[in-house]
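Structure, as structure tokens:
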Amino acid sequence: MTEIDKLKVGAAFDRAAAGYDAIARFQHEVCARLFACLPARLAPTRILDGGCGTGYGAQLLHQRWPDAVITGCDLAPEMVRLTQARGIAAICGDLEHLPLADASFELAWSSLALQWCQPARAFAELRRVLVPGGTLAFTSLATGTLHEIETAFAGIDQHRRVLPFTTAAATESALAAAGFSHIRVVQERWITRHADFRTLLATIRGIGAGHTGSDRRRSMMGKAAWQTAQARIEAMRGADGLLPTTYEVLFSLAEKK
Numbered sequence: 002m003t004e005i006d007k008l009k010v011g012a013a014f015d016r017a018a019a020g021y022d023a024i025a026r027f028q029h030e031v032c033a034r035l036f037a038c039l040p041a042r043l044a045p046t047r048i049l050d051g052g053c054g055t056g057y058g059a060q061l062l063h064q065r066w067p068d069a070v071i072t073g074c075d076l077a078p079e080m081v082r083l084t085q086a087r088g089i090a091a092i093c094g095d096l097e098h099l100p101l102a103d104a105s106f107e108l109a110w111s112s113l114a115l116q117w118c119q120p121a122r123a124f125a126e127l128r129r130v131l132v133p134g135g136t137l138a139f140t141s142l143a144t145g146t147l148h149e150i151e152t153a154f155a156g157i158d159q160h161r162r163v164l165p166f167t168t169a170a171a172t173e174s175a176l177a178a179a180g181f182s183h184i185r186v187v188q189e190r191w192i193t194r195h196a197d198f199r200t201l202l203a204t205i206r207g208i209g210a211g212h213t214g215s216d217r218r219r220s221m222m223g224k225a226a227w228q229t230a231q232a233r234i235e236a237m238r239g240a241d242g243l244l245p246t247t248y249e250v251l252f253s254l255a256e257k258k
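This note's numbering puts the first residue of the sequence shown at 2, with every later residue one more than the last.
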């Protein structure tokens, strides 16, 4: 997987924080779906929300386990501040280098954050901070996500518009290699719809997800190139009159051996 500049990712989400919840419907729905997938037997007293964002997921977890101590962790200081404003303890940190002690949590939770990480490093860290028998529950994105964007810009230049997402099989293998057992990874296709191309792209940027790696475009696109991309995306407009955007979502559960 391509190395991603975490400082730039954190800065992008920092800029997006204030307006994030207003446009993050898809992210909230995925978070709620993961919450519904948590085993009924779980009774954690210490929970990590890795990549906590504005604290939406942490608040769901608090509602289920009001006596549990929940710690949020996010790259973006402004996201951390918003989580704290919900009454949830939160710190700045990277999922690949967690500033937390070994065996600190019975449940490590993360929704739509791990796609920004190198799986081997992140899974090793999440395993480290879990107690033996602790549960890891997370969502991430798989190959095929935002394929409409890739198709629209294909061949226009050499710049990447979409992250190099992983696969369900690779995720299972990485979890096993990191020392997890009872691994379950389920892939679901989610489709969002937008009125026009600019709104679609603005939504992606508006939630801080516009940073795609070291070879992303840094200059303005020419008019002809933009018109080509727009014509391609318009060809995908559905019978409902809207433009689809596909997300291949991985819902994953595992236990620390």
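Backbone N, C-alpha and C define an ideal beta-carbon position, used for all residues, glycine too.
Everything numeric in this text was worked out from a predicted model, so none of it was measured.
Neighbour-count burial assignment, Leu8, 16 or more Cβ in a 10 Å radius: With fewer than 16 other Cβ atoms within 10 Å, it is exposed.
Exposure of Ser215, with buried meaning 16 or more beta-carbon neighbours within 10 Å: Here the model assigns Ser215 a pLDDT of 47, short of 50, so the residue's position is not dependable, and the following value carries that caveat. In summary, Ser215 is exposed, with fewer than 16 beta-carbon neighbours lying within 10 Å of its beta-carbon over all protein chains present.
Between the CA atoms of Gln228 and Gly56 - distance to the nearest angstrom: Rounded to the nearest whole angstrom, the CA to CA distance from Gly56 to Gln228 is 39 angstroms.
Sufficient close CB pairs (3 or more, under 8 angstroms) joining the region 92–107 to the region 148–158: Output reads no: the region 148–158 does not touch the region 92–107.
Ala125 and Ala179 closer than 8 angstroms at C-beta: Ala179 is positioned such that its CB atom lies closer than 8 angstroms to that of Ala125.
Backbone secondary structure at Thr55 - three-state DSSP: In the structure shown, Thr55 sits in coil (DSSP, three-state: anything other than H, G, I, E or B).
Backbone CA spacing between Gly156 and Leu202 [nearest angstrom]: Gly156 and Leu202 have their C-alpha atoms roughly 18 angstroms apart.
Length of the line joining the Cα atoms of Asp22 and Ala86: Cα atoms of Asp22 and Ala86: separation of roughly 14 angstroms, rounded to the nearest angstrom.
Residues near Gly54 by beta carbon distance below 6 angstroms, same chain, minus five either side: The beta carbon of Gly54 lies closer than 6 angstroms to those of Met80 in the same chain, with the five residues before and after it left out.
Own chain partners of Ser182 with C-beta closer than 6 angstroms, once the 5 adjacent residues on each side are dropped: Counting only residues of its own chain and dropping the five nearest sequence neighbours on each side, Ser182 has a CB closer than 6 angstroms to the CB of Glu256, Lys258.
Beta bridge counterpart(s) of Phe181 as assigned by DSSP: Phe181 pairs with Lys257.
Other residues of its chain near Leu49: CB distance less than 6 angstroms, five sequence neighbours each side excluded: Cβ within range, chain order: Thr72, Phe106, Ala109.
Rounded separation between Leu115 and Ser141 - CA only: Distance between the alpha carbons of Leu115 and Ser141 is about 6 angstroms.
Per DSSP, cross-strand counterpart(s) of Ser111: Residue pairing by DSSP puts Ser111 in a beta bridge opposite Phe139.
CB-CB length for Phe252 against Arg34, believed under 8 angstroms: About 7 angstroms separates the two Cβ atoms, so the contact holds.
Alpha helix (DSSP H) segment containing Asp22, residue limits: Per DSSP, Asp22 is one residue of the alpha helix (DSSP H) stretching across 7–24.
Same chain, Cβ closer than 7 angstroms to Arg218, neighbours up to 5 away in sequence not counted: For Arg218, the pLDDT reaches just 49, beneath the cut-off of 50, and the residue's location in the model is therefore unreliable, although a value from the coordinates is still provided. Scanning its chain for C-beta atoms nearer than 7 angstroms, with the 5 sequence neighbours on each side dropped, one finds around Arg218 the residues Asp158, His160, in chain order.
Closest residue to Thr84 among Trp66, Gly58, Leu137 (Cα-Cα distance): Among Trp66, Gly58, Leu137, the Cα nearest to that of Thr84 is on Gly58.
Distance CB(Arg185)-CB(Leu137) smaller than 8 angstroms: No; because the gap between Cβ atoms is not below 8 angstroms, this pair is not in contact.
DSSP-derived helix/strand/coil call for Thr247: DSSP places Thr247 in strand when its eight states are reduced to three.
6 angstroms Cβ shell around Ser111 - same chain, five flanking residues per side excluded: Excluding sequence neighbours, Ser111 sits near Gly51, Gly52, Phe139.
Beta-carbon gap between Ile89 and His63 smaller than 8 angstroms: Yes.
Counted within 10 angstroms of its Cβ, other Cβ atoms place Lys135 as buried (16 or more) or exposed: According to the sequence shown, residue 135 is Gly rather than Lys. Buried is the call here.
Classification of Arg260 by the beta-carbon crowding that lies within 10 angstroms, buried from 16 upward: The question about residue 260 has no answer, for the chain in this structure spans 2 to 258.
Residues that DSSP places opposite Cys93 in a beta bridge: Beta bridge pairing from DSSP links Cys93 with Asp75.
Inter-residue Cα distance where the pair is Leu244 and Ala121: The straight-line gap from Cα to Cα measures roughly 35 angstroms.
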